[in-house]
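*Asks:* Sharing a structure with you now.
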Amino acid sequence: MIMPKPPVRGEQSLKKSVYLSVVTVSLVFGLLIAFQFRTSSSISGGVPVDRFQELTIEKKQVELDNAHLEQEATDLAAKIDEARKGRSQASDVLGSELSKIRMYAGLTQLTGPGVEVIMENPPEKDGSPSFYSIRDEDILKVINDLRGAGAEAMSINGQRILSTSEIRLAGNHINVNLVRLSAPYRILAIGKPGTLKSSLEIKGGLVEYLSANGITVAVQEWEKINIPAYDGSLRFDYAKPVQRG
Amino acid sequence: MNMWLGFWLGIFGLAVGVAIGLNVPVILPQAYAKYLSVAALAALDSVLGGIRAAMEDHFDNTIFISGFFSNALLAAGLAFIGERLGIDLYLAAVVAFGVRLFQNLAILRRHLLKK
Numbered sequence: 000m001i002m003p004k005p006p007v008r009g010e011q012s013l014k015k016s017v018y019l020s021v022v023t024v025s026l027v028f029g030l031l032i033a034f035q036f037r038t039s040s041s042i043s044g045g046v047p048v049d050r051f052q053e054l055t056i057e058k059k060q061v062e063l064d065n066a067h068l069e070q071e072a073t074d075l076a077a078k079i080d081e082a083r084k085g086r087s088q089a090s091d092v093l094g095s096e097l098s099k100i101r102m103y104a105g106l107t108q109l110t111g112p113g114v115e116v117i118m119e120n121p122p123e124k125d126g127s128p129s130f131y132s133i134r135d136e137d138i139l140k141v142i143n144d145l146r147g148a149g150a151e152a153m154s155i156n157g158q159r160i161l162s163t164s165e166i167r168l169a170g171n172h173i174n175v176n177l178v179r180l181s182a183p184y185r186i187l188a189i190g191k192p193g194t195l196k197s198s199l200e201i202k203g204g205l206v207e208y209l210s211a212n213g214i215t216v217a218v219q220e221w222e223k224i225n226i227p228a229y230d231g232s233l234r235f236d237y238a239k240p241v242q243r244g
Numbered sequence: 000m001n002m003w004l005g006f007w008l009g010i011f012g013l014a015v016g017v018a019i020g021l022n023v024p025v026i027l028p029q030a031y032a033k034y035l036s037v038a039a040l041a042a043l044d045s046v047l048g049g050i051r052a053a054m055e056d057h058f059d060n061t062i063f064i065s066g067f068f069s070n071a072l073l074a075a076g077l078a079f080i081g082e083r084l085g086i087d088l089y090l091a092a093v094v095a096f097g098v099r100l101f102q103n104l105a106i107l108r109r110h111l112l113k114k
């Protein structure tokens with residue numbers, strides 16, 4: 000057996016300290032090993048430390064990404080809300096545009112100040128029809144004059160005058176919107192009543208001319224008249240809108 | 000008596016250390032496992048170095064104790080710095096102490112066989 004060299008002086012105390020240090024060192028060493036063993040085995044299934052750290056870093060990265068994505072999601076939700084709001088606004092605008100266009104096209108009933116023009120054939124004399132009766136041209140002239148005076152909407156005997164409405168003579172009747180009308184003709188026009196009235200009753204104007212032919216023309220101003228909507232069908236068999244852009 | 004007393008005292012200390020280590024409810028965080036492992040390696044090297052010194056009859060208690068702790072701390076510190084620098088510096092500790100471990104073991108073996 001090899002023994003430690005016996006110390007020359009203070010043998011006993013030195014021995015003691017040697018033993019003490021041996022005990023201390025072995026104790027610390029045992030502690031280290033036990034701790035290491037426990038930490039190593041506590042890693043589930045003996046996952047290597049490197050892998051663990053890698054996964055930790057990855058987890059942190061994923062959490063960061065998650066936070067970013069959550070923020071993005073809230074941003075996008077806000078954008079969607081905004082877009083929805085925008086869409087409802089847009090649909091409101093479209094709705095008002097649509098109603099305006101329907102008004103232009105004569106598909107809505109309108110009301111407002113205007114004039115009423117009643118045209119009657121000359122009264123029959125001696126049971127025979129008069130020589131002159133109201134012709135389509137007379138009505139066209141009245142309509143034209145009213146338009147010129149700023150009439151915004153017109154109807155004849157309940158038939159709305161559209162941009163496509165025809166006014167033509169058919170036998171004893173006058174066709175408007177393919178509906179047969181007969182005298183007396185009641186023309187309604189919305190516009191500035193004074194202007195409309197005076198445009199017809201101007202000296203040398205239509206009323207004078209028609210009266211000279213024996214036709215009774217009465218022009219009446221109204222505070223409020225109702226003009227019905229066009230109730231037929233609109234057909235565009237040949238016309239197609241031009242694509243722009 | 001001396002040698003065997005030292006031997007048994009060492010075994011006893013080791014057993015007590017292991018028992019305490021296994022029963023203390025504290026578990027070191029994963030991050031420190033690496034440092035602890037190189038520290039344990041350094042400590043093992045110091046222990047073998049101490050036994051070898053005892054065999055060669057120039058065992059110095061102060062050198063033994065200071066070597067034990069400074070080696071362990073240096074190894075752990077090296078691992079820590081390596082971690083911060085992004086270099087696996089703990090490998091240097093592992094290699095250095097591993098080589099010394101085998102050297103010490105070889106010398107120890109020779110001493111025991113020569114006897």
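Protein chains in written order, with numbering that gives the first Met the number 0: chain C, 0 to 244; chain L, 0 to 114. By construction, the Cβ of each residue, glycine as well, lies at the ideal position given by its N, Cα and C atoms.
Under 9 Å between beta-carbons, which chain C residues line up against Ile-62 (chain L)? List them in chain order, please.
*Replies:* Correct list: empty, because the minimum Cβ distance to chain C is about 10 Å.
*Asks:* Looking at the unbroken alpha helix (DSSP H) that takes in Arg-99 (chain L), where does it start and where does it end?
*Replies:* Here the alpha helix (DSSP H) through Arg-99 (chain L) covers 89 to 113.
*Asks:* For Ala-74 (chain L), which residues from the same chain have a beta carbon less than 7 Å from its beta carbon, with the 5 sequence-adjacent residues on both sides left out?
*Replies:* Val-37, Ala-38, Leu-40, Ala-41, Ala-92, Phe-96.
*Asks:* Closer than 9 Å, CB to CB, is Ala-91 (chain L) near chain C or not?
*Replies:* With 9 Å as the cut-off, Ala-91 (chain L) does not count as an interface residue toward chain C.
*Asks:* What is the DSSP secondary structure of Gly-85 (chain L), reduced to helix, strand or coil?
*Replies:* In the structure shown, Gly-85 (chain L) sits in coil (DSSP, three-state: anything other than H, G, I, E or B).
*Asks:* Would you grab the beta carbon distance between Glu-151 (chain C) and Gln-219 (chain C) for me? Rounded to a whole angstrom, and I think it's under 8 Å.
*Replies:* Between Gln-219 (chain C) and Glu-151 (chain C) the Cβ distance is about 18 Å, and since that is not below 8 Å, they are no contact.
*Asks:* Determine, using beta carbons only, whether Gly-12 (chain L) comes closer than 9 Å to chain C.
*Replies:* Answer yes: the Cβ-Cβ gap between Gly-12 (chain L) and chain C drops below 9 Å somewhere.
*Asks:* For Thr-73 (chain C), decide whether its Cβ has a neighbour in chain L, counting only Cβ atoms nearer than 9 Å.
*Replies:* So no, Thr-73 (chain C) is outside the interface.
*Asks:* State buried or exposed for Leu-95 (chain C), treating a residue as buried only when at least 16 other CB atoms are found within 10 Å of its CB.
*Replies:* Strictly speaking, residue 95 (chain C) in this sequence is Ser, with Leu absent from that position. Flag for Ser-95 (chain C) reads exposed.
*Asks:* Look at the alpha carbon of Leu-72 (chain L) and the alpha carbon of Glu-82 (chain L), and state the distance between them as a whole number of angstroms.
*Replies:* Answer to the nearest angstrom: the Cα atoms are 15 Å apart.
*Asks:* Do you know whose CA, among C:Thr-163, C:Gly-204, C:Leu-19, lies nearest Leu-177 (chain C)'s CA?
*Replies:* Ranking the options by Cα distance to Leu-177 (chain C), first place goes to C:Thr-163.
*Asks:* When the cut-off is 9 Å and only beta carbons count, does Ser-69 (chain L) lie next to chain C?
*Replies:* Taking Cβ atoms only, chain C never reaches closer than 9 Å to Ser-69 (chain L), which makes this a no.
*Asks:* So, with DSSP's three-state summary, where would you put Ala-238 (chain C)?
*Replies:* The answer is coil: DSSP assigns Ala-238 (chain C) none of H, G, I, E or B.
*Asks:* Excluding the 5 residues preceding and the 5 following Ser-154 (chain C) in the sequence, name in chain order all residues of the same chain whose CB lies nearer than 7 Å to its CB.
*Replies:* Correct list, in chain order: Ile-160, Leu-187, Ile-226, Pro-227.
*Asks:* Quick check on this structure: which residue in C:Arg-243, C:Glu-165, C:Gly-244, C:Arg-146 has the alpha carbon closest to the alpha carbon of Leu-199 (chain C)?
*Replies:* Of the candidates C:Arg-243, C:Glu-165, C:Gly-244, C:Arg-146, the one whose C-alpha sits nearest the C-alpha of Leu-199 (chain C) is C:Arg-146.
*Asks:* Write down the C-beta distance between Gly-16 (chain L) and Leu-19 (chain C) rounded to the nearest angstrom, noting that I regard them as a contact closer than 8 Å.
*Replies:* So it is not a contact: roughly 14 Å between Cβ atoms.
*Asks:* List the residues of chain L whose Cβ lies closer than 7 Å to the Cβ of Leu-26 (chain C), in chain order.
*Replies:* Within 7 Å Cβ-Cβ: Gly-12, Val-15, Gly-16.
*Asks:* For the beta strand (DSSP E) containing Val-116 (chain C), list its first residue and its last residue.
*Replies:* Note, Val-116 (chain C): beta strand (DSSP E), 109 to 119.
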